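Step one of this worksheet: look at the structure below.
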Amino acid sequence: MMIYNNRLFNTRKELKRYLGGTRKYNKALKNGEIYNIYQEESNNQPFAHNGTTIYDTDKRH
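Here it is, written out as structure tokens:
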């Protein structure tokens with residue numbers, strides 16, 4: 022999920038359509054106007070990339 026201008030988008034495709042194309046999407050991404058929300062983050066679960074945990078949001082260590 023992604024947030025742009027306080028609007029929530031489920032997919033990158035939806036957001037690109039809202040912005041009017043890939044070039045505008047890439048520009049907004051580069052300028053830091055798009056925020057990604059990972060489902061695993063919101064559930065306080067570690068999530069893996071290529072088999073290793075790269076970010077653990079669980080604070081109960």
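So the mapping is simple: the working numbering equals the position in the sequence shown, first residue as 1, plus 21. No residue lacks a Cβ here, since even glycine has one placed at the ideal position from N, Cα and C. Because the structure is a prediction, the values reported are computed rather than measured.
| Query | Result |
| --- | --- |
| Give me the Cα-Cα distance between residue 58 and residue 24, rounded to the nearest whole angstrom. | 8 Å |
| Buried or exposed: which applies to residue 36, given that a residue is buried once 16 or more other Cβ atoms fall within 10 Å of its Cβ? | buried |
| Going by alpha carbons, who is nearest to residue 34 out of 43, 28 and 27? | 43 |
| What does residue 29 pair with, by DSSP beta-bridge criteria? | 24 |
| Give the DSSP-derived three-state secondary structure of residue 70 in the structure shown. | Low confidence applies here, because residue 70 scores a pLDDT of 49, under 50, leaving its location unreliable; read the following figure in that light. Residue 70: strand per DSSP, three-state reduction. |
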